[in-house]
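Participant:
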Amino acid sequence: MTSILVIEDNDIVRKMVARSLNDQFTILEASEGFSGVRLAQEHLPDLIICDIAMPGMDGFGVLEALRSHQATASIPFVFLTAQHERNLMRRGMAMGADDYITKPFTVEELRQAVQARLKKRAIQQEAVSRTIEEVRQNIARSLPHELRTAIMVADGYAHLIESESENMTEEQKSMVGSIRNSMSRLYKLAENFLWYSKTELSKLNPDSVACTNDTELVIRQTAHDKAKKFSRIEDLRLDLHNARLTLTEDYLAKIIDEIVENAFKFSVRGTVVQVCSRVDETRYLISISNDGQGLKPPASEKIDGFMQFERDQYEQQGVGLGLAIAKRLVAAAGGELMIENTPEDRITVAIQLPLAYQG
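Okay, structure coming up:
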């Protein structure tokens, strides 16, 4: 429920304001400025109504304190002012107050002022959200293609230089190798931008998506390729069963690719990365587990694009798109992705996908 903080040292006025609004809003009360600032910082109300003339910290002090902190700076702020204080309103508005109500006022005048300010706030927030969404979608549409084109050109020249390696010193060969490795990482990033834009700008329609009939083969090949990339074939353990899914092979492969890569990236050579799958009535269950570092609950609830976990503790490359893509592809197919762990520090990504209709 929308919350309103009333800061007023006059008990009668404060209680009257609270009673007038408590049938529609959650009301917080403060009898002086310092406690009002504390309540605002603790509860972040949707609107603040504050008297001007109060002992200790007056209304101007409250407004200045709240506007100086990011968390409370944008909360709509309405002054309560006596008739003889109206000359102070220019100062209050210049400091960032959004409105003022002159005493004495009726209950209806109070409610109208509150509703008008909350409505304006909602319109402003909607406009900001719409602008952010437009910018994000424009980036999702254009950036991947621009990145991929530039990367392919740079990698092409690096490959051309590498073809003349017989004329290079060992140091020069190492430098060219580093360039090509960097190009490979950037290309993977561009590809993930493309995948992310797909999941952002469209939703999977189960009625129009081709089915995967050989899930076991797709998972086996994808996991094996990833283990080979990390030079850890001997660490990979597979226990797979087949099923028919309403999900294209490339989408399933992408899900497995990102999660298995995470498992190898955050585990030590010589420890097991296990990929299992089985059929359970109407669902296909996939689990990918590894020892050691990795996402831990409740991190699965926070997975989203450009989000990386514990980056200050574990050096990571990339921008956090991979797991977000996997989670969105699973959700788009009507499934669920969860992170589980055991007391032995074994991290498991558990995926549930609905089986394709067999009729």
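Quick note: the sequence shown uses the working numbering, first residue 18, plus one each step. Yeah, the Cβ is synthetic: ideal placement off N, Cα and C, and Gly gets one too. Remember, predicted model here, so these are calculated numbers, not experimental data.
1. Going by DSSP, which residues form a beta bridge with V292?
2. Give the secondary structure of N87 by DSSP, where H, G and I count as helix, E and B as strand, and everything else as coil.
3. Three or more beta-carbon pairs under 8 Å between the stretch 18-32 and the stretch 45-57, yes or no?
4. Excluding five sequence neighbours on each side, which residues of the same chain lie with their C-beta closer than 7 Å to the C-beta of M71?
5. Measure the CB-CB distance between A373 and T265 and report whether it falls below 8 Å.
6. Distance check for K344 and D116, CA to CA, integer angstroms please.
7. So I273 is in the beta strand (DSSP E); what residue range does that whole segment cover?
8. For E275, count neighbouring Cβ atoms within 10 angstroms of its own Cβ and tell me buried if that reaches 16, exposed if not.
9. Which word fits M200, buried or exposed, when buried means at least 16 other C-beta atoms lie within 10 angstroms of its C-beta?
10. By Cβ distance below 8 Å, which residues in the same chain neighbour G73 in space, the five residues on each side in sequence not counted?
11. Using a Cβ-Cβ cutoff of less than 6 Å, which residues in the same chain neighbour R363 once the five nearest sequence positions on both sides are dropped?
12. Among residues of its own chain, excluding the 5 on either side of H258, which ones have a beta-carbon nearer than 8 Å to its beta-carbon?
13. Let me make sure I understand the geometry here. Which of A240, R261, L253, K205 has the alpha-carbon closest to that of N230?
14. Considering only their Cβ atoms, is the gap separating G109 from L64 smaller than 8 Å?
15. Short of 6 Å in beta carbon distance, which residues of its chain neighbour Q330, apart from the five on each side in sequence? Order them along the chain.
16. Check for me: the alpha helix (DSSP H) holding Q238 runs from which residue to which?
17. Ordered along the chain, which non-local residues of its own chain (more than five positions away) have a Cβ less than 6 Å from that of S37?
18. Could you compute how far the alpha carbon of W212 sits from the alpha carbon of H60?
19. Use the C-beta contact count for G339: other C-beta atoms within 10 angstroms, 16 or more gives buried, fewer gives exposed.
20. Do K271 and L346 have their C-beta atoms within less than 8 Å of each other?
21. Comparing C-alpha positions only, which one of N104, A130, F122, T288 sits nearest to K93?
22. Please work out which residues of its chain come closer than 8 Å, Cβ to Cβ, to I168, disregarding the five sequence neighbours upstream and downstream, and give them in chain order.
23. Grouping DSSP H, G and I as helix and E and B as strand, with all else coil, what is S20?
24. Which same chain residues end up closer than 6 Å to D68 when comparing Cβ atoms and leaving out the 5 residues on each side of it in sequence?
25. Give the C-beta separation of A240 and I273 to the nearest angstrom, bearing in mind that I take them to be a contact with Cβ-Cβ under 8 Å.
26. Does the Cβ of P121 have 16 or more other Cβ atoms within 10 Å, making it buried, or fewer, making it exposed?
27. Just tell me which of Q291, D267, T186 has its CA closest to the CA of A244.
28. With E361 as the anchor, note down where its beta strand (DSSP E) starts and where it stops.
29. By the three-class DSSP mapping on this structure, what secondary structure does N166 have?
30. Which term fits S219, buried or exposed, when burial requires 16 or more other beta carbons within 10 angstroms of its beta carbon?
31. Below 8 Å on the Cβ atoms is my contact criterion, and I expect R286 with R237 to pass it. Report the Cβ-Cβ distance as a whole number of Å.
Facilitator: Per the coordinate set shown:
1. L255, I305
2. Residue 87 is actually Gln in this sequence, not Asn. Three-state result, Q87: coil.
3. yes
4. D26, E49, G50
5. no
6. 45 Å
7. Per DSSP, I273 belongs to no beta strand (DSSP E); it is in the alpha helix (DSSP H), 266-282.
8. buried
9. Label assigned to M200: buried.
10. Excluding sequence neighbours, G73 sits near E49, G50, F51.
11. S306, D308
12. E233, S294, R295, V296
13. R261
14. no
15. Summary for Q330: the model assigns pLDDT 44, below 50, so the residue's position carries little reliability, and this model does not support an answer.
16. 232-246
17. V124, L127
18. 39 Å
19. buried
20. In this structure, K271 lies near L346, with their beta-carbon atoms less than 8 Å apart.
21. Residue identity check: residue 93 is Pro in the sequence provided, not Lys. The shortest Cα separation from P93 among N104, A130, F122, T288 belongs to A130.
22. Cβ within range, chain order: M200, L203, Y204, A207.
23. strand
24. Hits under 6 Å: E25, G76, L97.
25. Contact between A240 and I273 holds, since their C-beta atoms are separated by about 6 Å, short of 8 Å.
26. exposed
27. Q291
28. From DSSP, E361 is part of no beta strand (DSSP E); its letter is neither H nor E.
29. According to the sequence displayed, residue 166 carries Thr and not Asn. In the three-state reduction of the DSSP assignment, T166 falls in the helix class.
30. Unreliable placement is indicated for S219, whose pLDDT of 48 sits below 50; no coordinate value is reported for it.
31. Their Cβ separation, rounded to whole angstroms, is 21 Å, which puts R286 and R237 out of contact at 8 Å.
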